[in-house]
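Peer 1: Encoded as structure tokens, here's the structure I'll be asking about.
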Amino acid sequence: MNLILISSLFTIVFSGNIEQTVLRGIPTSLLPKYTLAKTFLCLDGSSTIPFEFVNDDYCDCRDGSDEPGTSACPNGRFFCENKGYIGTIIPSHFVGDGVCDCCDGTDEYETKIVCNNTCFELAQKTRAEREARRALHAAGVAKKLEIISKSVLIKSDREARLRELEEGLQKVEDELKGKEELKQQAEAPENEAKDKHQKLWEEQRAVREAIARDNQMHEMFAELDANNDSLVSIEELQKHTELDSDHENEFTVEEVRLILGADSVNFDEFNVTVFDQISNSYKKLSEQSSETPVDHADVAATTEAQLDQIQAEADEETSAGEDEYEHEEEQQDITTPVATSLEHEKHIHDDTVPEYDDETKKLIQLADHARNEYNEVEGRVQDIKRQIDDLKRQSDVDTGPHGEYSAFIDQCYDYEEREYTYRICMFKDAKQISKGGGSDVTIGYWEGWTGPENNKYLKMKYANGATCWNGPARSLTVTFQCGTEHKPIDVREPTRCEYSMIFETPSACDERIATAAMHQEHEEF
Amino acid sequence: MIRFIHLISLILLLNISFIENVDRNNFKTCEQSAFCRRQRKYKPDTTPYEVDLSSMKTITNGHLQFSLLNTLKSHVKLQLDLYTLQHNSLRVKINEINPIRKRYEVERVLVSEPKLVSVNITKSDNNQIEGRFDKTARFILNAKPFRLDLFTNDIFVMSVNSKNMFNFEHYRKKPASDGAPADNNAEDNEDGMWEETFKSHHDSKPHGPSSIGIDVNFLNFENVYGIPEHADAFSLRSTHDTDPYRLFNLDIFEYDIKNPMALYGAIPYMLAHNEHATVGFFWLNAAEGWIDVSNDKLNTKNLFSTITSFFGTKSNENNEVPEVTTHWMFESGIFDGFFFMGPTPNDIFKQYTALTGATPTPPLWSIAYHQCRWNYNDEDDVRGVNNGFEQHQIPVDVIWLDIEHTNGKRYFTWDTSKFPNPEKMQDDLAVYGRKMITISDPHIKKDDGYQVYADAKSRGYFVKSKDGSDYEGWCWPGSSMWLDYFNPEIYKWYSQRYSYDNYKGSTPNLFIWNDMNEPSVFNGPEVTFPKDVVHYGGWENRDVHNLYGMLQHMATFDGLLERSNGNIRPFILTRSFFAGSQRTSAVWTGDNAAQWSHLKIAVPMLLSLSVTGIGFIGADVGGFFFNPDAKLLVRWYQAAAFQPFFREHAHIDTARREPWLFGDDNTRLIRQAIEQRYSYLPFWYTLFYRQEKHGVPPMLPLWANFPRDTNTFKTEDSYMVGNGLLVYPVTEADINQVSVYFPGQNTVWYDIRTFTQHNGSETALINVDMESIPIYQCGGTIIPQRLRKRRASMLAIHDPITLVVALDRNHEAEGELYLDDGQTYDYRQKHAFIHRRFTFKNNELKSISLDSSAKFETDAWIERIVIVGYPKNPSRVEINSGDKQAIPIHSYQDGSQVLIIRRPGPAVTTDWTLTLS
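Protein chains in written order, with UniProt numbering: chain A, 1 to 525; chain B, 1 to 917.
Shown next as structure tokens:
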């Protein structure tokens, strides 16, 4: 005892009675462990120390339990009594650090700073906040219960509807089978009649074409055979320079002979070997002479010269400092010929199939009717199937143990920010829509509920959105909190491309908060 | 099994080091830099330079002047000025006499005109002048050929131009366009002398060639250090097979390690150390520089026949001694060399900082823990991070805001949609004793609606292109311009931007970060200014490039000082730096990566900065680029907790990494590391004060404390904090053992956690788990700590102190404690501080004041004294202070020989004696 008193000589002697000093920072519940005695057992049982060591501003216990009222232990716990408010525990290293942590200011008993006692105001404020919170949750819970009961209704409706649809589907599918048979029955004679009609027409057309070819050939032969010797000779054909396949040089005797296959040909030979070779290029001599004679070389020269000039002008323009690729574009514009009309590209066949005969027309009418009836029923089948799929998808969505989140089904919500609108379509996807134009960016597709084990429906996640440059795929985590309406109230990007949204909804309101808070109040203040 | 694990980790490590990050094609090689190409190939058999001894003039006592002639170019006349300086230092200037264009001499670096000491000319004949000055310094200037030999304590340490590589390119007229050289000399028109092109960038070189090369050789040395900034070994490697080390301030995107490429800052200062002496060479030049390093052998038989027994050791049987030869090349300016003759490491630190200044004692909070990220997005985010630290009970002193806090990268503004009330945000942090730091980069957004731009534009304050128009380039805000801090008026105007009036939303709790100040110009050559842009006074950026970043952070410092009327210590962090930056700014190693190799390289990088005067330094915890896994992050916290500047920082594309995001276990480990940092803050603070007073940096290579222990000369896996702690950070992923070398014969080391003892001059295998930070207190030292926890350092200023007395083999120890208010200049202006020395000798521990005039009011007291290595349980412990006496309780652990004195109780302000018997 003597030793200890001496050892304290140099330390600051705190004013106040011993009890206040020694028992500082100890919660009422633990006071029995700190009864004045010779020794003190550290609360973790690790050692026994003289009782004088308790709150003597030196850390003796491993768990810091000997210094609840000083900052001596890094791991001690200080009890703020906070009269008029709730008693709280703070780390004992907050004691005497110049920061007012207890509302009664008792943690700063040794420092010069003045801590106002704010417990009364704090209690009022806390009470008001708690009441506001309770009221919010109460209002929210009412809406949530509506959602739940609606969800039950929706669910049973959905199931009834599903049953109905499935029964209906069976019936319609049976009907479809009947219609299909009828359709097949009507289509068989129709096809037969159509085939017959087509075949007949093709035969007729072949005959017509043969006659036309023959006429053309006779005319051509007569024209070519200038000396009327019933032979077409090399000299006779050579006049038709349009038949020269290379155009470059003269239409030589050798080239002509190659076409004729001999020095001259008679009509039969002309028919077999020559006509088909030349019929596409051939022109009457009179037609040729009526055209303006143009030298191919001249054409080329003129065009090139014109191009050069246009080119030079273009060069002048672009050399004023425009980028090279623009220059190239202009060049392309000049050299690519631009069609003025597409008409001549079209190949118009004037020989269309003649109308069906009346009998066939009748058969087609019958078949069309059968087909229409079939298609109509098939459409109904698809429609029912789609409805069934939709209903099944809806019932597969996890909307919470009681369907609290069922109101979200097929709903989208927007959050407006300065630069973007964030649109979340529940259980589907989330997008970032730029207000300054530009395409939407998907920041995630519905992945699932990701709240902690004891509160799974606190958070949901949308993942695998568009990939960031030099970064990961975008994702969004939505955290729900109680509110009276469904609405996102904040979107942030705490880490690049990992978005987080806070979403208010009655679905997240808590019955316990709505009801229990009322009772607690009196116990705590 | 252990061997197997080692092998795997080695393979993994090799893999990582193969990751190529930087695009090297964006940066010049020596071959692509014309002057380097010319100088590097300059290797004549004999030097054409001669000193004309007959020209010697004594300007004042301590200043001799000579003519220096190039015998091949008689028309070119150089002047050599030799100054004998206090602190065993010699300055040698070589400049042109009457050049056609004045050559740039660096300003703003030296703290004042160096003080001369008288020289005693001990020999003077027709070829040599020998002089002795100050304590141990001696020079011999050899005339023909030109050579300068330097001695300390009569030991031959340095030799200049002994390899004949001195080569001074005088200013000359441009050769006529027909190709005929103006000076009738073919070499005046070499490729790249009058213009050069790199990638798409053309350098007009209007003044032609102007470079200087010189060899400085360190005799009987095997290790040289310094010339930061490079991501390379501490003991500089031979550049035989690589480019020379480059000094040219650049923003290198995703820099690679283990190569001589230039980085963000430059200090043209090299040290050499052996068991006899520590010496240094500093060439004050701010142009682009390249330095070749070569480990050679010098044959002593025929050389220097006039000098005998000069090495302190005998040469080997082949008459050879080792020699590190270095070849220095700068693009312009003058030769302005400072030679420091040591001879001890502490002498060297003093000598260099006497010239360029020491780091002043930083605010206490700035050596605590900093939380940074690109970016904390808005006020709620900042509040959330602050609450995170509260909730997880992790101490933190500063929260930082990167570029996104501004309105479109317009510095001195706020994005008001995200930061509507910045004053309130800062006030809220201040409640917890915490500060905020915002970024302020040098590029000024080109926008007439931006006040800073509009004012600067109308006043003509921007750096000019070669044609005289305002130079425009690209950086974060898009089209930007750069202030010309070289103009004193602009410098002052910029510093005034930091006044509370001009910087709206700033409060006394706001401090500044200057980034991108090399400067970084996204579309410039090598991502910086073209060399032919023009600064104040008509100097080209070519002449002054490496000074730009320093001038910005100096002006920022002045601004913060001014805003508090000179009362509050500013804090600035800069990325770019030059010699002298230490006076006003902390430095970090820029944009590193979340890779184990980057954690490891931080130690040699920080040591290189430390020994060249930049003592307040750190690397981004976790690595800036990429995502560290939990293990790497924890190890990084553990390492950085014992490095001078301790800041977590991360790229905007990385995942969040606040300390509590990696699970409870890792949160606990990170909390422990940060708490350890806080517990040693009194020690760190004392070391920073010592740096201000004596120039000794807080983070030191082992040889600084054990100069004769040759095993430490290449050490870069461990280092010292002051003279007290040996730190061996774990920098490998999967190891359960590290091999720690304990320096010093007859030295004993104590594990700071277990107090296990290790002998000096021995290597020990130490088992490590994720909790381990292998750190050892040196026997013979007394370290002050604060073992109480606080949420921020400024809240602990008056908390009690624990002294850890680690006894040496003679059962003696000593140490110091420095305390003040942690943030004002009262320690200088009002002597408001406490500086005490503790000595343990003959079973007595004494506390005495080192400065009787000092007075600082504090309740702080000694709550615990831990004496480690005490052989027996004393029967009685008694403490006396004045006429007061007490017998405190003590406990003793036989196994670990630890004696703990409980609550001895004296106020730290008093003298006292503790007696054991």
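Note that CB positions come from ideal geometry on N, CA and C, so glycine has one too.
All figures in this text were calculated on a predicted structure; none of them were measured in a lab.
Ignoring anything shorter than 4 residues or poking outside the UniProt domain "EF-hand" (212-247) of chain A, list the alpha helix (DSSP H) runs there in chain order.
Peer 2: Counting only runs of 4 or more, we get 234-238.
Peer 1: A72 (chain A) touches chain B at which residues, Cβ-Cβ below 8 Å?
Peer 2: What A72 (chain A) touches in chain B: R788 and E863.
Peer 1: Can you tell me whether T515 (chain A) is helix, strand or coil according to DSSP?
Peer 2: Residue state, collapsed to three classes: helix.
Peer 1: Leaving out five residues on either side along the sequence, give the residues of the same chain with a beta carbon under 8 Å from the beta carbon of D428 (chain B).
Peer 2: Correct list, in chain order: R383 and N386.
Peer 1: Are the C-beta atoms of A655 (chain B) and some chain A residue less than 7 Å apart?
Peer 2: Yes - at least one Cβ of chain A is within 7 Å of the one on A655 (chain B).
Peer 1: When the Cα atoms are used, what is the spatial distance from F713 (chain B) to G613 (chain B)?
Peer 2: Roughly 19 Å between the two C-alpha positions.
Peer 1: Between A:G84, A:F53 and A:G105, which lies nearest to F78 (chain A) when the distance is taken from Cα to Cα?
Peer 2: Of A:G84, A:F53 and A:G105, the residue nearest in Cα terms is A:G105.
Peer 1: Does DSSP classify N70 (chain B) as helix, strand or coil?
Peer 2: Strand, per DSSP.
Peer 1: Just checking: is the beta-carbon of G471 (chain A) within a distance shorter than 7 Å of some beta-carbon in chain B?
Peer 2: Output row for G471 (chain A): interface = yes.
Peer 1: Leaving out the 5 sequence neighbours to the left and right, which residues in its chain are closer than 6 Å to C115 (chain A) when beta-carbon positions are compared?
Peer 2: For C115 (chain A), where only same-chain residues beyond five positions count, the Cβ hits under 6 Å are C100, G105 and E108.
Peer 1: When DSSP labels each residue in this structure, what does P50 (chain A) get in the three-state scheme?
Peer 2: If DSSP states are grouped into helix, strand and coil, P50 (chain A) belongs with the strands.
Peer 1: So, for Y491 (chain B): in the same chain, excluding its five sequence neighbours on each side, which residues have a beta-carbon less than 7 Å away from its beta-carbon?
Peer 2: Around Y491 (chain B): Y485, L551 and A555.
Peer 1: What three-state label does DSSP hand Y818 (chain B) in the structure shown?
Peer 2: Strand.
Peer 1: Report the residue from A:F408, A:F120, A:V95 and A:L122 whose alpha carbon sits nearest the alpha carbon of E110 (chain A).
Peer 2: Measuring from the Cα of E110 (chain A), the nearest candidate turns out to be A:V95.
Peer 1: Below 8 Å, can you find three or more Cβ-Cβ pairs linking the segment 416-430 of chain B to the segment 373-383 of chain B?
Peer 2: Touching, yes.
Peer 1: Are the beta-carbon atoms of E518 (chain B) and G473 (chain B) separated by less than 7 Å?
Peer 2: Cβ distance not < 7 Å, so E518 (chain B) and G473 (chain B) don't count as in contact.
Peer 1: Listing by chain order, which chain B residues have their CB less than 8 Å from the CB of T467 (chain A)?
Peer 2: Correct list: empty, because the minimum Cβ distance to chain B is about 12 Å.
Peer 1: Taking the alpha carbon of D276 (chain A) as the point to measure from, which residue in A:D63, A:L182, A:A210 and A:K459 has its own alpha carbon closest?
Peer 2: Checking every option, the nearest Cα to that of D276 (chain A) belongs to A:A210.
Peer 1: Using DSSP with H/G/I as helix, E/B as strand and the rest coil, what is L5 (chain A)?
Peer 2: Its pLDDT being 37, under 50, L5 (chain A) is placed unreliably by the model, and the measurement read from it follows with that caveat. The answer is helix: DSSP assigns L5 (chain A) an H, G or I state.
Peer 1: Under 8 Å between beta-carbons, which chain B residues line up against Y415 (chain A)? List them in chain order, please.
Peer 2: Those within 8 Å of Y415 (chain A) in chain B number zero; the least Cβ separation is about 15 Å.
Peer 1: How far does the alpha helix (DSSP H) with K361 (chain A) in it extend, from its first residue to its last?
Peer 2: Looking at the DSSP string, the run of the alpha helix (DSSP H) that includes K361 (chain A) is D358 to D396.
Peer 1: With H, G and I counted as helix, E and B as strand and the rest as coil, what does DSSP make of D429 (chain A)?
Peer 2: In this structure, D429 (chain A) counts as strand in the three-state DSSP scheme.
Peer 1: So V740 (chain B) packs on A704 (chain B), CB below 8 Å; how close in whole Å?
Peer 2: That pair is no contact at about 18 Å.
Peer 1: Do you know whose CA, among B:P343, B:F27, B:S495 and B:H230, lies nearest H598 (chain B)'s CA?
Peer 2: Looking at the Cα atoms, B:H230 is the closest of the given residues.
Peer 1: For A886 (chain B), which three-state DSSP category applies?
Peer 2: Three-state DSSP puts A886 (chain B) in a strand.
Peer 1: Over the uninterrupted beta strand (DSSP E) stretch that includes S500 (chain A), give me the two end residues.
Peer 2: Per DSSP, S500 (chain A) belongs to the beta strand (DSSP E) from E498 to T505.
Peer 1: What residues of chain B sit near T495 (chain A), judged by a beta carbon separation below 8 Å?
Peer 2: Chain B residues near T495 (chain A): T654, A655 and R656.
Peer 1: Whose CA, out of B:I444, B:H798, B:P244 and B:A586, lies closest to the CA of P682 (chain B)?
Peer 2: Checking every option, the nearest Cα to that of P682 (chain B) belongs to B:H798.
Peer 1: Looking only at its own chain, which residues have a Cβ that is under 6 Å from the Cβ of N592 (chain B), when we skip the five neighbours before and after it?
Peer 2: The answer, listed in chain order, is H598, A619, D620, G623 and F624.
Peer 1: Does chain B have any CB closer than 7 Å to the CB of G64 (chain A)?
Peer 2: No - not a single Cβ of chain B is within 7 Å of the one on G64 (chain A).
Peer 1: Report yes or no: is there a C-beta of chain B within less than 7 Å of the C-beta of H486 (chain A)?
Peer 2: Chain B, which has no Cβ nearer than 7 Å to the Cβ of H486 (chain A), makes this no.
Peer 1: Kindly give me the distance between the Cβ atoms of N95 (chain B) and L78 (chain B), rounded to whole angstroms, as I take these residues to be in contact under 8 Å.
Peer 2: That pair is a contact at about 7 Å.
Peer 1: CA-CA distance, D54 (chain A) and E716 (chain B)?
Peer 2: The question names Asp, yet the displayed sequence has Val at residue 54 (chain A). Using only the alpha carbons, I get a separation of about 47 Å.
Peer 1: Report back the beta-carbon spacing between I394 (chain B) and P659 (chain B) to the nearest angstrom; my notes put them in contact at under 8 Å.
Peer 2: Confirmed, Cβ separation roughly 6 Å.
Peer 1: Pull up the distance between the alpha-carbon of residue 986 (chain B) and that of I252 (chain B), whole angstroms please.
Peer 2: Given a span of 1 to 917 for chain B in the structure shown, any question on residue 986 (chain B) remains unanswerable.
Peer 1: How far does the beta strand (DSSP E) with M554 (chain B) in it extend, from its first residue to its last?
Peer 2: Looking at the DSSP string, M554 (chain B) is not in any beta strand (DSSP E); the run it does join, the alpha helix (DSSP H), is Y548 to R563.
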